[in-house]
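A.B. asks: Pasting a structure here, questions to come.
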Amino acid sequence: MQYEIRMGKKELVEASMILILLIFLAENSIIKAEELEADWETYYYVLKESFVNNGLSDYYFTLEDRLFSVFPNTSTQQSYILEGNPKIKDFHKDADGNLFAELDFPEKIIPGENFTASIVFRVKLARRSIPHVSIESSGSIFEIPVNLSNYTMSTGVWDYESTGLKYIAELATQIRGNDTNVLSIISKMVRFVSERVEYPYGEELRSPQYPNQTLPSPGLRGRGDCDDQSALLITMLRSVSIPSFLQTGGIVLTNYYTTGSTWNGHLSISSRNVGWHGWVEAYIPPWGWLPVDITYGYSQGDPLSSITRSASARELVLKSESYSSIDYVAETLRMEERIKNSGIYIYIEEEISKTLSASNHDSTSSDYWAINFIILLAILLTINFILLRFFERRI
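Each residue of the sequence shown is one higher than the one before, counting from 5 in our numbering.
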């Protein structure tokens, strides 16, 4: 009888180990099958920020300096942090749910000193599927769920009830008229913004601005880039009870490179294979949330091209922060003034690529699987030990 118990113990241990291995392999097979079905593409995003103190006094790092955006996981995006240097100390979320990793910076850097921080992501991207839309098939504003009222509030950048933005809300009411068809209303407002606001080509590193800066008055032509025009459109849409928010992201652009400086030379940015963009996400019944993109692919001859030819619909896009309540303009301007009035100079380098270069630790992907294997092995050994102890007590 004792011999039979020992045989059962051995077989059970072996069976448990085999079962765990099968679960592990099946899980990875499922992931690969999902990726194949959704046409996932894997990229690596590397961000380096170098701080150089050219001033005469110590520069003390703020929490704002230490925060790095963490790309969200969505139906078309899977994001993994592979490395933070220095190490990740904590994570933070803002009022709109955007996630940030806090890196373990030193307290300060002295005059003449520099400090570099970096973060590496592995991201899997798929193109967004856009349904066939038509004005005839669109629902009315009365079909918009009441639980989306937060996305119509007069708040942050889109404070359409304030004195400074009230004329924009009045314009929106005039453009809408008696129309209740959501897609029809959006098409009219997109056309208005496109006709009245000029894109500032050659000024890629502009600071964001408020809607009344993009369109200073009802009778004047305005000027604003992608996020500026989007903020203007959001203000108009919200004022007539159409839910909307600002989405930002990086368009994957092979062989693209740009560099420039701003903030009186205190901020320099170089971007390779990624172009940053901002667009509107609007709720349009019966389809739900759809991209409305005024500055990418829109043609006045095709009223729906702001949706069907949007960057989000045509390109691989690395989604970043979304804004529905935060006054991101005020936050950016405060940071700009703080940096310009200091002796600190910031140099940002970012790149999206299919592989990691040696300088960016190209062994990271293999390290990822090695870590998973070590974890699996540790689980197997632990279960083996527990089962052995259990049967020894039974004997």
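Using N, Cα and C, we set each Cβ at its ideal position, and we do this for glycine too.
So what does DSSP say about residue 38, is it helix, strand or coil?
C.D. replies: To locate residue 38, count along the sequence shown from 1; it is residue 34. Confidence in residue 38 is poor, its pLDDT being 38 and thus under 50, which makes the residue's placement too unreliable to answer from.
A.B. asks: Classify residue 247: buried if its beta carbon has 16 or more other beta carbons within 10 angstroms, exposed otherwise.
C.D. replies: Within the sequence shown, the letter at position 243 stands for residue 247. Burial call: buried.
A.B. asks: What is the rounded straight-line gap between the Cα of residue 217 and the Cα of residue 226?
C.D. replies: Here residue 217 corresponds to residue number 213 of the sequence shown, with the count starting at 1. Here residue 226 corresponds to residue number 222 of the sequence shown, with the count starting at 1. Roughly 8 angstroms between the two C-alpha positions.
A.B. asks: According to the Cβ coordinates, are residue 243 and residue 173 closer than 7 angstroms?
C.D. replies: The residue you call residue 243 lines up with position 239 of the sequence shown. The residue you call residue 173 lines up with position 169 of the sequence shown. The Cβ-Cβ distance between residue 243 and residue 173 falls below 7 angstroms.
A.B. asks: What are the uninterrupted segments assigned as alpha helix (DSSP H) that are 4 or more residues long and contained completely in the segment 125-191, given in chain order?
C.D. replies: 170-180
A.B. asks: From residue 119 to residue 257, what does the alpha carbon distance come to, in whole angstroms?
C.D. replies: Against the sequence shown, residue 119 aligns to sequence position 115. Against the sequence shown, residue 257 aligns to sequence position 253. Near 29 angstroms, if we compare the C-alpha coordinates of residue 257 and residue 119.
A.B. asks: Excluding the 5 residues preceding and the 5 following residue 135 in the sequence, name in chain order all residues of the same chain whose CB lies nearer than 6 angstroms to its CB.
C.D. replies: In the sequence shown, the residue the question calls residue 135 occupies position 131. Same-chain partners within the cutoff: 291.
A.B. asks: Can you tell me where the beta strand (DSSP E) holding residue 81 begins and where it ends?
C.D. replies: Within the sequence shown, numbered from 1, the residue matching residue 81 stands at position 77. That run of the beta strand (DSSP E) goes 81-89.
A.B. asks: Can you give me the Cβ contacts of residue 89 inside the same chain, cut-off strictly under 6 angstroms, excluding the 5 residues immediately before and after it?
C.D. replies: Residue mapping note: residue 89 aligns to position 85 of the sequence shown, counting from 1. Contacts found: 122.
A.B. asks: Span of the alpha helix (DSSP H) holding residue 241?
C.D. replies: Counted from its first residue, the sequence shown places residue 241 at position 237. Judged by DSSP secondary structure, residue 241 falls within the alpha helix (DSSP H) whose first and last residues are 230-243.
A.B. asks: In chain order, what residues of the same chain have a beta carbon less than 6 angstroms from the beta carbon of residue 44, not counting five sequence neighbours either side?
C.D. replies: Residue mapping note: residue 44 aligns to position 40 of the sequence shown, counting from 1. Once the five neighbours on either side are set aside, the close Cβ partners of residue 44 are 128, 130.
A.B. asks: Quick one: is residue 275 buried, meaning 16 or more other Cβ sit within 10 Å of its Cβ, or exposed?
C.D. replies: Sequence index remark: in the sequence shown, residue 275 carries index 271 (1-based). By the 16-neighbour rule on beta-carbons within 10 angstroms, residue 275 is buried.
A.B. asks: What separation, rounded to the nearest whole angstrom, lies between the Cα atoms of residue 288 and residue 137?
C.D. replies: Your numbering for residue 288 matches position 284 in the sequence shown. Your numbering for residue 137 matches position 133 in the sequence shown. When rounded, the distance between both Cα atoms is 10 angstroms.
A.B. asks: Using the Cα positions of residue 311 and residue 189, report the straight-line distance between them to the nearest angstrom.
C.D. replies: Counted from its first residue, the sequence shown places residue 311 at position 307. Counted from its first residue, the sequence shown places residue 189 at position 185. Going from the Cα of residue 311 to the Cα of residue 189 covers about 14 angstroms.
A.B. asks: For the segment 97-108 against the segment 313-330, are there 3 or more C-beta pairs whose distance is under 8 angstroms?
C.D. replies: The answer is yes - the segment 313-330 touches the segment 97-108, with three or more Cβ pairs under 8 angstroms.
A.B. asks: With which residues is residue 105 paired in a DSSP beta bridge?
C.D. replies: Taking the sequence shown and counting its residues from 1, one reaches residue 105 at position 101. Beta-bridge pairing links residue 105 to 72, 95.
A.B. asks: Could you check how far apart the C-beta atoms of residue 107 and residue 93 are, in whole angstroms? I think they sit under 8 angstroms.
C.D. replies: Locating residue 107 in the sequence shown gives position 103, where the first residue counts as 1. Locating residue 93 in the sequence shown gives position 89, where the first residue counts as 1. About 6 angstroms; that satisfies the 8 angstroms criterion.
A.B. asks: Looking only at its chain, what residues have a beta carbon closer than 7 angstroms to the beta carbon of residue 77, apart from the 5 residues adjacent to it on each side?
C.D. replies: For the purposes of this step, residue 77 is taken as residue 73 along the sequence shown, with counting starting at 1. So the qualifying residues of the chain are 83.
A.B. asks: What does DSSP give as the partner residues of residue 333 in its beta bridges?
C.D. replies: What you label residue 333 is simply residue 329 of the sequence shown in a count that begins at 1. Answer is none; residue 333 lacks a bridge partner.
A.B. asks: Could you tell me the distance, in whole angstroms, from the CA atom of residue 319 to the CA atom of residue 161?
C.D. replies: Here the question's residue 319 lines up with position 315 in the sequence shown. Here the question's residue 161 lines up with position 157 in the sequence shown. Spanning the two alpha carbons is a distance of roughly 27 angstroms.
A.B. asks: Just how far apart, CA to CA, sit residue 282 and residue 191?
C.D. replies: Translated into positions along the sequence shown, residue 282 becomes position 278. Translated into positions along the sequence shown, residue 191 becomes position 187. When rounded, the distance between both Cα atoms is 18 angstroms.
A.B. asks: So the candidates are 264, 168, 170; which of them puts its Cα closest to the Cα of residue 209?
C.D. replies: Indexing the sequence shown from 1 puts residue 209 at position 205. Closest option to residue 209, Cα to Cα, is 264.
A.B. asks: May I ask you to report which of helix, strand or coil DSSP gives residue 215?
C.D. replies: Locating residue 215 in the sequence shown gives position 211, counting from the first residue. Helix, per DSSP.
A.B. asks: Which value, in whole angstroms, describes the spacing of the CA atoms of residue 26 and residue 52?
C.D. replies: Within the sequence shown, numbered from 1, the residue matching residue 26 stands at position 22. Within the sequence shown, numbered from 1, the residue matching residue 52 stands at position 48. Reliability of the predicted coordinates at residue 26 is poor, the pLDDT of 45 falling under 50, and no value is obtained from them.
A.B. asks: Out of 175, 299, 86, point me to the one whose CA is closest to residue 50's CA.
C.D. replies: Position 46 of the sequence shown holds residue 50. Ranking 175, 299, 86 by Cα distance to residue 50 puts 86 first.
A.B. asks: Tell me the DSSP secondary structure of residue 312 in three-state form.
C.D. replies: Residue 312 sits at position 308 when you count from the first residue of the sequence shown. In the structure shown, residue 312 sits in a helix (DSSP, three-state: H, G or I).
A.B. asks: Taking the alpha carbon of residue 267 as the reference point, which residue from 211, 115, 233 has its own alpha carbon closest?
C.D. replies: Position 263 of the sequence shown, counted from the start, is the residue given in the question as residue 267. Checking every option, the nearest Cα to that of residue 267 belongs to 211.
A.B. asks: Rounded C-beta distance between residue 224 and residue 193? I'm assuming under 8 angstroms.
C.D. replies: Within the sequence shown, the letter at position 220 stands for residue 224. Within the sequence shown, the letter at position 189 stands for residue 193. Actually they are not in contact, since the Cβ atoms of residue 224 and residue 193 sit about 18 angstroms apart, beyond 8 angstroms.
A.B. asks: In or out: residue 213 buried (at least 16 other Cβ within 10 Å) or exposed?
C.D. replies: Looking up residue 213 in the sequence shown gives position 209. Label assigned to residue 213: buried.
A.B. asks: Could you round the C-beta distance between residue 347 and residue 64 to whole angstroms and report it? I think they count as a contact, below 8 angstroms.
C.D. replies: Working through the sequence shown from its first residue, we reach residue 347 at position 343. Working through the sequence shown from its first residue, we reach residue 64 at position 60. Rounded, the Cβ-Cβ distance is 12 angstroms, inconsistent with contact.
A.B. asks: Going by beta-carbon coordinates alone, are residue 350 and residue 271 separated by less than 7 angstroms?
C.D. replies: For this step, residue 350 is matched to residue 346 along the sequence shown. For this step, residue 271 is matched to residue 267 along the sequence shown. Going by C-beta atoms, residue 350 is nearer than 7 angstroms to residue 271.
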